[in-house]
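Asks: Protein sequences appear in the order of chains A and B.
All you need for our numbering is the position in the first sequence, starting with 1, plus 59.
All you need for our numbering is the position in the second sequence, starting with 1, plus 6.
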Amino acid sequence: MKLLEVRNLKKYFPIKQGFLIERVVGFVKAVDDVSFSVDRGKTIGIVGESGCGKTTIGKAIIRLHEITDGEILIDGEDTTFYFMRRKRAAEYLKSRYFENEAFTGRANGLEPFEKKINDVYLNAGKSSSRAMSALFENLDEKRRYLRRKAQIVFQDPMSSLNPRMTVGQMLTEPLLFHKIAKDLDEAIEMVRELLVQVGLKAYHVDRYPHQFSGGQRQRIAVARAISVNPDLIVLDEPTSALDVSVQAQIVTLFDKLQQQLNAGYVFISHNLALVRFICQTVSVMYLGRIVEQGESEAIFSNPLHPYTKALLAAAPIPDPNKKRNRKDLIGGQVPSPINRPTGCFFHPRCKYRMDICTREYPPMFKVDEKHLVACHLYSTSQEQGGEKK
Amino acid sequence: MFFWTNEYEVIWLQERPILSVKNLSTHFRMVEGVVKAVQDVTFDLFRDEVLGIVGETGSGKSVTVKTIAGMVDSPGFIAGGEVLFLTDEFSKSGEKEYVDLAKMPKDNFSRIRGKHIGMIFQDPMTSLDPMYTIGNQMIETIVHHKKTTIEEARERSIKLLEQVGIPKPAERIDDYPFQLSGGQRQRVVIAIALSCDPDILVADEPSTALDVTVQAQILELMKDLQEQFSSGMMFITHDLAVIAEIATKISVMYGSYQMEMAPAKDIFESPMNPYTFALLECIPRLDIKQDKLLPIPGQPPVMLNPPNLCPFLPRCSRSVDKCYKELPSLEQIKEDHFIRCWNPVASKIKLVKEAGE
Numbered sequence: 060m061k062l063l064e065v066r067n068l069k070k071y072f073p074i075k076q077g078f079l080i081e082r083v084v085g086f087v088k089a090v091d092d093v094s095f096s097v098d099r100g101k102t103i104g105i106v107g108e109s110g111c112g113k114t115t116i117g118k119a120i121i122r123l124h125e126i127t128d129g130e131i132l133i134d135g136e137d138t139t140f141y142f143m144r145r146k147r148a149a150e151y152l153k154s155r156y157f158e159n160e161a162f163t164g165r166a167n168g169l170e171p172f173e174k175k176i177n178d179v180y181l182n183a184g185k186s187s188s189r190a191m192s193a194l195f196e197n198l199d200e201k202r203r204y205l206r207r208k209a210q211i212v213f214q215d216p217m218s219s220l221n222p223r224m225t226v227g228q229m230l231t232e233p234l235l236f237h238k239i240a241k242d243l244d245e246a247i248e249m250v251r252e253l254l255v256q257v258g259l260k261a262y263h264v265d266r267y268p269h270q271f272s273g274g275q276r277q278r279i280a281v282a283r284a285i286s287v288n289p290d291l292i293v294l295d296e297p298t299s300a301l302d303v304s305v306q307a308q309i310v311t312l313f314d315k316l317q318q319q320l321n322a323g324y325v326f327i328s329h330n331l332a333l334v335r336f337i338c339q340t341v342s343v344m345y346l347g348r349i350v351e352q353g354e355s356e357a358i359f360s361n362p363l364h365p366y367t368k369a370l371l372a373a374a375p376i377p378d379p380n381k382k383r384n385r386k387d388l389i390g391g392q393v394p395s396p397i398n399r400p401t402g403c404f405f406h407p408r409c410k411y412r413m414d415i416c417t418r419e420y421p422p423m424f425k426v427d428e429k430h431l432v433a434c435h436l437y438s439t440s441q442e443q444g445g446e447k448k
Numbered sequence: 007m008f009f010w011t012n013e014y015e016v017i018w019l020q021e022r023p024i025l026s027v028k029n030l031s032t033h034f035r036m037v038e039g040v041v042k043a044v045q046d047v048t049f050d051l052f053r054d055e056v057l058g059i060v061g062e063t064g065s066g067k068s069v070t071v072k073t074i075a076g077m078v079d080s081p082g083f084i085a086g087g088e089v090l091f092l093t094d095e096f097s098k099s100g101e102k103e104y105v106d107l108a109k110m111p112k113d114n115f116s117r118i119r120g121k122h123i124g125m126i127f128q129d130p131m132t133s134l135d136p137m138y139t140i141g142n143q144m145i146e147t148i149v150h151h152k153k154t155t156i157e158e159a160r161e162r163s164i165k166l167l168e169q170v171g172i173p174k175p176a177e178r179i180d181d182y183p184f185q186l187s188g189g190q191r192q193r194v195v196i197a198i199a200l201s202c203d204p205d206i207l208v209a210d211e212p213s214t215a216l217d218v219t220v221q222a223q224i225l226e227l228m229k230d231l232q233e234q235f236s237s238g239m240m241f242i243t244h245d246l247a248v249i250a251e252i253a254t255k256i257s258v259m260y261g262s263y264q265m266e267m268a269p270a271k272d273i274f275e276s277p278m279n280p281y282t283f284a285l286l287e288c289i290p291r292l293d294i295k296q297d298k299l300l301p302i303p304g305q306p307p308v309m310l311n312p313p314n315l316c317p318f319l320p321r322c323s324r325s326v327d328k329c330y331k332e333l334p335s336l337e338q339i340k341e342d343h344f345i346r347c348w349n350p351v352a353s354k355i356k357l358v359k360e361a362g363e
């Protein structure tokens, strides 16, 4: 069972215009139809330039953003409706499950998470309203559980730590809220252990964030995330505000903690070298969509999408003897996500552009078991290959 | 500088560094004590040379160039050293001579900055004025320094914008900064820096705020322009990969001191200072598959009232007794290779052997 499965995730931000009477004039499609999954003890990297929607994905997974469409399964449970308003959640459940003929008409062949909901549905005597109230009954508990199991570490530790709270106050709060510690004394004892675990000293418990250096602050943020024994940690550019020598420390710490907790990581970064080092699988994003996805080694040693090639060619290499591959470099800028190009979003900057690229967005094409790419270059060659057979 | 008829003079001029910094120290007087931001920095910059200054946050790399450009204000002050700059701006005879920028009054700097020293900063949105068109800002610089008419300056600006790769420069010159994208803004800043044919181009993390694909474009552009204008360049960054791309000579700074200075190749192939060595071991690399990063333990130093010892000492794995007694000086060990260390790493090959044994 996958720890996290994201299916066809969409997050659109409405653009509103008008004074007093606001109306929606368009959408910023920050994340558009993105699917990926993470196993326990594994790391998926999400890379892309600024504005490609990678942070929005991270926030959507732990539900800091309400998602527009799609499903998020955590630990084999459909958690999509957990944080929706009651009315919307009901609508979602109706259209996805109870009043969906594809679901109700199909007794066999249900996926495990669908089966769980189907059981509730059958127990409620096939009444959607009773099934829903059964699902909503212990929703608070479920929400609390999800908040505990999915944690996030942000980019800038100075803005994610409260400057007016001591480390002890900050770290005991989640322990007490989730009832992991009985009382404050026990919580403080646990915090001391946690601080040692992330490479700080136990006496740091009474200090304020401003008394630490950047790397130490990030360690506190990491300690806060792991304090509740999460299964899933979203790391949103956790080292980009740090110096290289400290970055290596934090990365090593992540590695150590992953082995201890057996947690799955979603590692969001624009630093390709770091992603190559940390992640087992990688998704490359461009303007809200995944353009290439697969095993890290397959992508870095054999990039297929022209955008991935361009990213790799653009990344500088710390060796003066190696000259960059100028052939794959691209010009221009990332287009606006409000007004995306027709067809393949990358075609205005692409060197291998064909006619079809300006008209149709390419479907995800499977190069082999572990490598997916959304590019007409490969889908057309596959069709030809298919004909030959 | 190649239009002199006397060929000896040409050679002679080329061999003199345009900028020669000697034992420069910049300190800041704070309530808590003296922050020694830059200490004992020494280097020469020649034409056609790109000096990369690399270091972590607080290592003093930015303050070094700000001192050179006379941009350190109270409570900062130059505690010692010389900044010799080769220029004809103040000479009566018209011959080029060395001027000590460290002792020059602040008012005279407006004749140096922008004209002889062009500057490019990290965030183009803060170095351009949002209330003026980019044309206005370019023309102002050119008219002020070159004493041309506005029409001539405008023509030159359009030419410069074309050189830095802005499409339709004649139309874009009347745009405001917000109408340009991040990469284009940085191109405009580069155009302004180059507008008066500076002798030195100072780039303070010019590509840090940009995306990788745009960063690659800007780096390629800066390399090309530096060759075209044959000026000296000082390039500051925290990113070792970027510095490998562009610099011919690298100065590694840590805790306000220069730890090592050598040609780019030597720094990456045979680093001798333990800090440089450890730094290269702990960066993730895109071109090879690594199993492990070797982090440097500990935290970067606080520059408030530091002890007069090697700043890397608390984190160094090769420290010897002498390190705790005396600060090493920047010694020349090979031609062009300077290090500050009592117990340098001999070479990569030797160290691998040591580890193997």
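Beta carbons are placed, not taken as given, at the ideal position from N, Cα and C, and that holds for glycine.
Keep in mind that this is a model prediction, so the values were computed, not measured.
Please check if any C-beta of chain A sits within less than 9 Å of the C-beta of Val351(B).
Replies: No - not a single Cβ of chain A is within 9 Å of the one on Val351(B).
Asks: Does the count of Cβ pairs from the stretch 356-369 of chain A and the stretch 279-287 of chain B closer than 8 Å reach three?
Replies: Not touching, per the Cβ criterion.
Asks: Could you work out which residues of chain B lie near His329(A), taking near to mean beta carbons separated by less than 9 Å?
Replies: Per Cβ cutoff of 9 Å: Asp217 and Val218.
Asks: Leu25(B) to Ser257(B), Cα distance in whole Å?
Replies: So the two alpha carbons sit approximately 15 Å from each other.
Asks: Mapping DSSP to helix, strand and coil, what is Glu157(B)?
Replies: If DSSP states are grouped into helix, strand and coil, Glu157(B) belongs with the helices.
Asks: So is Met239(B) buried or exposed if we call it buried at 16+ other beta carbons inside 10 Å?
Replies: Burial call: buried.
Asks: Apart from the five residues on each side of it in sequence, which residues of its chain come closer than 7 Å, Cβ to Cβ, to Leu123(A)?
Replies: Closer than 7 Å at the Cβ level, and outside the excluded window around Leu123(A), lies no residue.
Asks: Under the DSSP definition of a beta bridge, which residues are partnered with Val293(A)?
Replies: Bridge partners of Val293(A): Ile211(A) and Val325(A).
Asks: What do you reckon, are the CB atoms on Val69(B) and Ala108(B) nearer than 9 Å?
Replies: Taking 9 Å as the Cβ cut-off, Val69(B) and Ala108(B) do not qualify as a contacting pair.
Asks: State the DSSP-derived secondary structure class of Gly184(A), mapped to helix, strand or coil.
Replies: It is coil, neither helix nor strand.
Asks: At a CB-CB cut-off below 9 Å, which residues of chain B make contact with Asp55(A)?
Replies: With chain A covering 60 to 448 only, the question about residue 55(A) has no answer from this structure.
Asks: Between the C-alpha atoms of Tyr156(A) and Gln228(A), what's the straight-line distance to the nearest angstrom?
Replies: Roughly 43 Å between the two C-alpha positions.
Asks: Assign Tyr141(A) to buried or exposed, taking buried as 16 or more other Cβ atoms, counted over all protein chains shown, within 10 Å of its Cβ.
Replies: Tyr141(A) comes out buried.
Asks: With distance defined between alpha-carbon atoms, name the residue in Ile337(A), Leu333(A) and Asn330(A) nearest to Tyr324(A).
Replies: Nearest of Ile337(A), Leu333(A) and Asn330(A) to Tyr324(A), Cα basis: Ile337(A).
Asks: Please list the terminal residues of the continuous beta strand (DSSP E) segment that includes Phe424(A).
Replies: Note, Phe424(A): beta strand (DSSP E), Phe424 to Asp427.
Asks: Kindly say whether Asn361(A), judged by its beta-carbon, lies nearer than 9 Å to any beta-carbon of chain B.
Replies: False, the Cβ-Cβ gap to chain B never drops below 9 Å.
Asks: Between which two residues does the alpha helix (DSSP H) carrying Gly347(A) extend?
Replies: Gly347(A) -> no alpha helix (DSSP H), and no H or E assigned at all.
Asks: For Lys241(A), count neighbouring C-beta atoms within 10 Å of its own C-beta (all shown protein chains included) and say buried if the count is 16 or more, exposed if not.
Replies: With fewer than 16 other Cβ atoms within 10 Å, it is exposed.
Asks: What residue range does the beta strand (DSSP E) around Val52(A) cover?
Replies: Nothing can be reported for residue 52(A): it is not among the residues displayed for chain A, which extend from 60 to 448.
Asks: Whole angstroms are fine: how far does the CA of Phe172(A) sit from the CA of Ile74(A)?
Replies: Each residue's alpha carbon lies about 35 Å from the other.
Asks: To be precise: take each residue of the stretch 41-67 of chain B, compare its Cβ to all Cβ atoms of chain A, and keep it if any distance is under 8 Å. Which residues remain?
Replies: Per Cβ criterion, the list reads Glu62 and Thr63.
Asks: Using a Cβ-Cβ cut-off of 9 Å, state whether Lys174(B) counts as contacting chain A.
Replies: Not closer than 9 Å to any Cβ of chain A, the Cβ of Lys174(B) fails to qualify, so no.
Asks: Measuring only between beta-carbons, confirm whether Ala209(B) sits less than 9 Å from chain A.
Replies: No - not a single Cβ of chain A is within 9 Å of the one on Ala209(B).
Asks: Quick one: Cα of Ile289(B) to Cα of Ala261(A), how far?
Replies: C-alpha separation (whole angstroms): 29 Å.
Asks: Does any CB atom of chain A fall closer than 9 Å to the CB of Val358(B)?
Replies: Caution is warranted here: a pLDDT of 49 is assigned to Val358(B), below 50, making its placement in the model unreliable, and the coordinate value is therefore given only provisionally. Chain A contact via Cβ: absent.
Asks: CB-CB under 6 Å to Leu320(A), same chain, minus the five flanking residues each way: which ones, in chain order?
Replies: Cβ within range, chain order: n/a, list empty.
Asks: How long is the line joining the alpha carbons of Ala280(A) and Leu299(B), rounded to whole angstroms?
Replies: Those two C-alpha atoms are separated by around 22 Å.
Asks: Would Ala247(B) and Ala284(A) qualify as a contact pair, given that the criterion is a beta-carbon distance under 9 Å?
Replies: Not a contact, by the Cβ cut-off of 9 Å.
Asks: Buried or exposed for Ile80(A), going by 16 or more other Cβ atoms inside 10 Å?
Replies: Ile80(A) should be labelled exposed.
Asks: Enumerate in chain order the residues of its own chain whose CB-to-CB distance from Val310(A) is below 8 Å, with the five nearest sequence positions on each side excluded.
Replies: For Val310(A), where only same-chain residues beyond five positions count, the Cβ hits under 8 Å are Thr298, Leu333, Phe336 and Ile337.
Asks: Compare the C-beta of Glu226(B) against all C-beta atoms of chain A and say whether one is closer than 9 Å.
Replies: Interface residue, yes.
Asks: Can you list, in chain order, the residues of its chain whose CB lies under 8 Å from that of Leu95(B), leaving out five sequence neighbours each side?
Replies: Correcting the residue identity first, residue 95(B) is Glu in this sequence and not Leu. Around Glu95(B): Val105, Arg117, Ile118, Lys121 and His122.
Asks: In angstroms, rounded to a whole number, what distance separates the CA positions of Phe144(B) and Arg160(B)?
Replies: A quick correction: the sequence has Met, not Phe, at residue 144(B). Spanning the two alpha carbons is a distance of roughly 8 Å.
Asks: Specify the secondary structure class of Ile397(A) as computed by DSSP and reduced to three states.
Replies: The answer is coil: DSSP assigns Ile397(A) none of H, G, I, E or B.
Asks: Can you pull the chain B residues whose beta carbon is under 9 Å from the beta carbon of Asp295(A), in chain order?
Replies: Correct list: empty, because the minimum Cβ distance to chain B is about 17 Å.
Asks: Could you tell me which whole beta strand (DSSP E) segments of length 3 or greater appear in the stretch 21-72 of chain B?
Replies: DSSP runs (the beta strand (DSSP E)) wholly in the stretch 21-72 of chain B: 25-35, 40-51 and 56-61.
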